[in-house]
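Numbering (our numbering), first residue to last: -15 to 488.
Note that beta-carbon positions come from the ideal geometry of N, C-alpha and C, so glycine has one too.
Please read these numbers as outputs of a predicted model, since none were measured by experiment.
Here the structure comes first, spelled out in structure tokens, and everything after it is commentary.
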């Protein structure tokens, strides 16, 4: 929710397609913006592959696994045996099989083709299809929640044999939150469609906040109902709700669930593909990636080549990699983007689009001249932001028991550093903006809380996810150095990022 508040303010400040990429571009700089955009492209591509996999699993479930059984009998498996029974330590590609799908995912290709057809319609028609599907899925979700409340068993929440309500404690809650965080990232798609809005400065913050409230309530209610219908240790990964309904003898409900799931996931897939296409379009327009991604169809006014390329890449990921592998990578990309956007918002609030260099304090004016010898405004801001992020990581490591040395890094010291850095940001004088219709409240306090939570969540992800993420960042950095720098419109025209046509 805190990240959504930051996105809402940026949508008012810079109502341009591209969302987090464009926000960081205008507020921090081109290289950081490229890294954010590079991560968001990965994030949305992986999200699309996960949705396609889950849609396929639901269709397979409702047909009593006819599709998967047919493929297994007539085509075979991708690997000789399931990943959990393979001893990969003797292989030259240690652990690779663990991340692969053991089954062919041919349904993914069919589903991806459907998603592409919808997105290649005109933007207004694509959004209309998405709205209709969202409306249907919400209605069906309300029915499912009602069934769960009346048929659920509260003993599943109090059963001490399986750990009760918080079976793995708050540490488990944070780890689960870091994995599931991407499912709340739909407000990024709202920002990506800013150019389609009639009055984005008014409608974007309203739409973002309302969407987050509705989604949070629905997710909480649906998750609660599922754990009431089935003990959390027995929930199936692929088709948890239909199996839970069958377990409770509510056989007819599986059809409602599947219909709702397919409507909802199709809407998510369409919006996700739309978002990744719009962001790649913005990056290509700025000269940071191949201009082919900005080529628009004359008939539908949609970037057709980028639509086909990202859909094809998502289909390959969905066919060959399992959900666990893609979810972890997706989550770290999402959290990183949110952190960068929040940092960019703090910087922009206190420096504006002019990249103010002189240090300007709200209080203690007598110290301005002395501090300016060491810091300019942006250096002062980002120095404190780095301290906040690092101390948040340190506190998270203490919570997880990964850092036990209390001599040099006690939680009290880290907390003092965190509070001090926030206070040092709070004494800065904001740049006034008379045309700003919405601002994130309690700046910088709420923004810092958002950074702390993002840092804590990202630190709970497994180390192998960090390795994959660093590899992806390395590839992106090489691409920027070899292509982006030479074709960047920022280098060709220094006034490009603050053009009136771009920001209003």
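Cβ neighbours of residue i in the same chain (closer than 8 Å, five flanking residues each side left out)
i: residue 170; result: 195, 199, 252 and 255
i: residue 224; result: 210 and 214
i: residue 458; result: none
i: residue 450; result: 316
i: residue 148; result: 141 and 142
Sequence-distant residues of the same chain with beta carbon closer than 6 Å to residue i, five excluded per side
i: residue 326; result: -10, 431, 434 and 435
i: residue 159; result: 444
i: residue 287; result: 261, 265 and 280
i: residue 314; result: 27, 30, 31 and 166
i: residue 270; result: 473
i: residue 3; result: 172, 175 and 176
i: residue 181; result: 187
i: residue 237; result: 131 and 229
i: residue 333; result: 414 and 427
i: residue 351; result: For residue 351, the pLDDT reaches just 45, beneath the cut-off of 50, and the residue's location in the model is therefore unreliable, leaving the point undetermined.
i: residue 204; result: none
Classification of residue i by the beta-carbon crowding that lies within 10 angstroms, buried from 16 upward
i: residue 235; result: exposed
i: residue 429; result: exposed
i: residue 116; result: exposed
i: residue 263; result: buried
i: residue 275; result: exposed
i: residue 316; result: buried
i: residue 21; result: buried
i: residue 226; result: buried
i: residue 320; result: buried
i: residue 112; result: exposed
i: residue 400; result: exposed
i: residue 168; result: buried
i: residue 186; result: exposed
i: residue 411; result: exposed
i: residue 302; result: buried
i: residue 183; result: exposed
i: residue 453; result: buried
i: residue 145; result: exposed
Residue i, enclosing alpha helix (DSSP H) - first and last residue
i: residue 118; result: 107 to 135
i: residue 238; result: 237 to 269
i: residue -7; result: -14 to -3
i: residue 154; result: 153 to 164
i: residue 288; result: 288 to 304
i: residue 422; result: Run containing residue 422: none; DSSP gives neither H nor E here.
i: residue 321; result: 307 to 335
i: residue 139; result: 139 to 142
i: residue 96; result: 90 to 103
i: residue 278; result: Residue 278 -> no alpha helix (DSSP H), and no H or E assigned at all.
i: residue 175; result: 171 to 176
Beta-carbon proximity of residue i to residue j, cut-off 8 Å
i: residue 174; j: residue 191; result: yes
i: residue 6; j: residue -2; result: yes
i: residue 377; j: residue 439; result: yes
i: residue 103; j: residue 257; result: yes
i: residue 489; j: residue 138; result: The shown model of the chain, from -15 to 488, leaves out residue 489, and the question about it has no answer.
i: residue 299; j: residue 41; result: no
i: residue 99; j: residue 295; result: yes
i: residue 272; j: residue 464; result: yes
i: residue 39; j: residue 95; result: yes
i: residue 363; j: residue 402; result: no
i: residue 311; j: residue 193; result: no
i: residue 322; j: residue -7; result: no
i: residue 468; j: residue 18; result: yes
i: residue 129; j: residue 206; result: yes
i: residue 285; j: residue 97; result: no
i: residue 197; j: residue 125; result: no
Same chain, Cβ closer than 7 Å to residue i, five either side skipped, listed in chain order
i: residue 340; result: For residue 340, the pLDDT reaches just 45, beneath the cut-off of 50, and the residue's location in the model is therefore unreliable, although a value from the coordinates is still provided. If we look at residue 340 and ignore the five residues flanking it on each side, its Cβ neighbours are 361 and 415.
i: residue 127; result: 240
i: residue 121; result: 244, 247, 248 and 251
Residue i CB to nearest heavy atom of the ligand NAD below 7 Å
i: residue 447; result: No copy of the ligand NAD occurs in the structure displayed, which carries no ligand at all.
Quiz prompt | Runs of alpha helix (DSSP H) lying entirely within the stretch 0 to 69, each at least 4 residues, in chain order | solution = 4 to 11, 14 to 46 and 50 to 58
Quiz item: Unbroken alpha helix (DSSP H) runs of length 4 or more, entirely within the stretch 436 to 481: which are they?
Solution: 447 to 463 and 473 to 476
Quiz prompt | Runs of alpha helix (DSSP H) wholly within the stretch 203 to 235 (minimum 4 residues, chain order) | solution = 224 to 231
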